[in-house]
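Colleague:
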Amino acid sequence: MSNIERGSFTTKIGVIAATVGAAVGLGNIWKFPYTAGVNGGGAFILVYLVCVLFLGLPILLSEFFMGRKTGQNPKGAFRSLSNQKGWQFFGVLCLICPILILSFYSVVAGWTAEYFWQALTGGLEGKNTAELTALFQGFSQDPVRPIIWLLVFLGLTVGVTLGGIKNGIERVSNILMPVLFLLLIILAAHSLSLDGAKEGLSFMFKPDFSKINAKVILDAMGQAFFSLSVGLGALITYASYFKKDTNLPQTGMIVAALDTMVAIIAGVIIFPIVFTYGISPAQGPDLVFIALPNVFNQMIGGQIWAIAFFLLLAIAALTSTISMSEIVVTYLAEEHKFSRKKALAILFAICGTLGILCSLSFGALSHLKLFDKNIFSLIDFTASNVLLPIGGGAIAVFVGWFVNKHIIYEEMQQGSKMKRSFFAVYYYVLKYIAPIGLLLILLSQAGII
Ligand code: PHE
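If you read the sequence shown in numbering that gives the first Met the number 0, its first letter stands for residue 0, the second for the next number, and so on.
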């Protein structure tokens, strides 16, 4: 086995802050509102919540189990829990998936950095919806500026990951996640005072069941996996750094609950703004970047809110990108004996190149389309809606059917006072409901049922 010295998270709060930091990010604040908007609101959100509870959470707990039990990267974890070689293929998937996600994610993270800069230099001040739309389009289609931000962001990610577990990830997360939370709650309270609050809330919470179709369900599932960071070994990797006294079930539930809460709060912030300022909820990926500056402009001290918000959003994105790069680094270090530095240099080169293509797909390369999707959406779709569910399904089947139940129970019990009945429910959902649900969704998307 590897002889690499492994760090670990030092405190309980550190474990939760870092794991919540990995889960909470652009997925909650940028992707959730626009995906909900595109898919008609309430019905999507309902399906999303069902997916979090019956697919996301059991798989998240299983990743925790695999990581802490084995103390290894995803491929090593599969290997040490089963001698059937085939499973290691899914370990390899845990190398490809974070690379794909990091590539398009860094583009959006770069956008947040640009908006932080714009807020700082007064570039958003006094602009109306039309002007803000033009500003975003001009920027995102620019061949240079977004690419510079993307590379700066990737560079930062690589830099913090190089610092390792204790000095890098834990320290950053501990301080900044609570501040972000507070800011979101203040913004939500402000949104609820707007004229469009009632309409915004009913868009979110009054499901129109006639809107539920195969695409809505697939998008909701993909969003649940993406937001919880399950299905690609991020949580196997993080849990491999947990100590034996970490309470796995409790930590898992806190992470899932906070992650879901942040997404819902983001919706409560965005949709009242959307209906107050006549923005289309189905606007797409630019929704947050157009909706929010609108409202900052109306708030007292608006510029300060804008600066704080985009800074924290960029940081939330950073705590997520760090987790993606950590998966890759741990994997390459343990499976291929790469140094952290070398692994990170390779990661930077690959994600930088793919990221540039994603960024250009809003401008110079916008004509390049496959299945009616530009490069950016194609990579997002492939990773979030195809690979994450496949990876998640593999983890559910593996832990549910191929690992001895008592081993799982014993590991889950270390550091927790988990009730037998809780374990029984988790195990049942993992073994039967999650795999069947996933299969049905993937088959219906493929047009087979
Ligand atoms: N969950 C993160 C978010 O919501 C994104 C992410 C996906 C992070 C996969 C790590 C792994 O922004």
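C-beta atoms are modelled at their ideal positions from N, C-alpha and C, and glycine is treated no differently. Fair warning: this is a prediction, and the values are worked out from it, not measured in the lab.
Mapping the DSSP letters down to three states, classify residue 442 as helix, strand or coil.
Modeller: Correct three-state label for residue 442: helix.
Colleague: Mind the definition here: the region 247–265 touches the region 79–94 only if three or more C-beta pairs lie below 8 Å; say whether that holds.
Modeller: The answer is no - the region 79–94 does not touch the region 247–265, with fewer than three Cβ pairs under 8 Å.
Colleague: Could you check whether residue 293 and residue 272 sit closer than 8 Å to each other, using their CB atoms as the reference points?
Modeller: For residue 272 and residue 293, yes; Cβs fall inside 8 Å.
Colleague: Since residue 372 sits in a beta bridge, which residues does DSSP pair it with?
Modeller: Bridge partners of residue 372: 369.
Colleague: Excluding the 5 residues flanking residue 73 on each side, which residues of the same chain have their C-beta closer than 6 Å to its C-beta?
Modeller: Excluding positions up to five away in sequence, the list reads 90, 93, 232, 235.
Colleague: Using the beta-carbon count (16 or more within 10 Å), is residue 102 buried or exposed?
Modeller: It counts as buried.
Colleague: Can you tell which of 441, 343, 187, 107 has the C-alpha that lies nearest to the C-alpha of residue 316?
Modeller: Closest by alpha carbon: 107.
Colleague: How about residue 65: is its Cβ closer than 7 Å to a heavy atom in ligand 1?
Modeller: For ligand 1, not one heavy atom lies less than 7 Å from the Cβ of residue 65.
Colleague: Count the other C-beta atoms from every protein chain shown that fall within 10 angstroms of the C-beta of residue 400, then say buried if there are 16 or more, exposed otherwise.
Modeller: Exposed: under 16 other Cβ atoms inside 10 Å.
Colleague: From residue 404 to residue 434, what does the alpha carbon distance come to, in whole angstroms?
Modeller: Going by the C-alpha atoms only, they are around 17 Å apart.
Colleague: Identify whether residue 245 lies in helix, strand or coil by the three-state DSSP scheme.
Modeller: Three-state DSSP puts residue 245 in coil, outside helix and strand.
Colleague: Here's the rule: buried if 16 or more other CB atoms are within 10 angstroms of the residue's CB, otherwise exposed. What is residue 329?
Modeller: That one is buried.
Colleague: Candidates 40, 100, 194, 121: which alpha carbon is nearest residue 153's?
Modeller: Closest option to residue 153, Cα to Cα, is 100.
Colleague: Would residue 495 and residue 348 be called neighbours here (beta carbons separated by less than 8 Å)?
Modeller: Any answer about residue 495 is impossible in this case: the structure gives the chain only from 0 up to 448.
Colleague: Return the first residue and the last residue of the alpha helix (DSSP H) that residue 296 is part of.
Modeller: Residues 286–297.
Colleague: In the DSSP assignment, the alpha helix (DSSP H) including residue 197 goes from what residue to what residue?
Modeller: Its alpha helix (DSSP H) spans residues 196–204.
Colleague: Assign residue 67 to buried or exposed, taking buried as 16 or more other Cβ atoms, counted over all protein chains shown, within 10 Å of its Cβ.
Modeller: It counts as buried.
Colleague: For residue 355, collect the residues of the same chain with a Cβ closer than 6 Å to its Cβ; drop the 5 residues on either side in sequence, then sort them by chain order.
Modeller: Around residue 355: 146.
Colleague: For residue 337, which of helix, strand or coil comes out of DSSP?
Modeller: Reduced to three states, the DSSP call for residue 337 is coil.
Colleague: With DSSP as the reference, label residue 33 as helix, strand or coil.
Modeller: It is helical.
Colleague: Using a 10 Å radius around the Cβ and a threshold of 16 neighbouring Cβ atoms, would you call residue 36 buried or exposed?
Modeller: Residue 36 should be labelled buried.
Colleague: Residue 277 and residue 140 - do their beta-carbons sit closer together than 8 Å?
Modeller: No, the pair does not count as a contact, with Cβ atoms beyond the cut-off.
Colleague: For ligand 1, any of its heavy atoms closer than 7 Å to the Cβ of residue 23?
Modeller: Yes, ligand 1 has a heavy atom inside 7 Å of this Cβ.
Colleague: Quick one, are the C-beta atoms of residue 508 and residue 31 less than 8 Å apart?
Modeller: For residue 508 there is no data in the structure shown, the boundaries of the chain being 0 and 448.
Colleague: Short of 7 Å in beta carbon distance, which residues of its chain neighbour residue 436, apart from the five on each side in sequence? Order them along the chain.
Modeller: Around residue 436: 53, 54.
Colleague: Consider the C-beta atom of residue 206 and the heavy atoms of ligand 1; say whether any pair is separated by less than 7 Å.
Modeller: No, the beta carbon of residue 206 sits no closer than 7 Å to any heavy atom of ligand 1.
Colleague: When the Cα atoms are used, what is the spatial distance from residue 383 to residue 239?
Modeller: Between residue 383 and residue 239, the C-alpha separation is close to 23 Å.
Colleague: Take every Cβ of the region 358–372, pair it with every Cβ of the region 408–420, and state whether three or more of those distances are shorter than 8 Å.
Modeller: No, the region 358–372 does not touch the region 408–420.
Colleague: For residue 450, tell me which candidate among 41, 113, 314, 390 has the shortest Cα-Cα distance.
Modeller: The question about residue 450 has no answer, for the chain in this structure spans 0 to 448.
Colleague: Assuming residue 57 contacts residue 395 (C-beta within less than 8 Å), just tell me the rounded distance between them.
Modeller: 7 Å between Cβ atoms; contact.
Colleague: Take residue 2 and list the residues in its own chain whose beta-carbon comes closer than 7 Å to its own, dropping the five residues that flank it on each side.
Modeller: With a pLDDT of 40 at residue 2, under the threshold of 50, the modelled position of that residue is not reliable, and the figure given next carries that caveat. Here the set comprises nothing.
Colleague: Decide if residue 258 is buried, meaning its Cβ has at least 16 other Cβ atoms within 10 Å, or exposed.
Modeller: So residue 258 ends up on the buried side.
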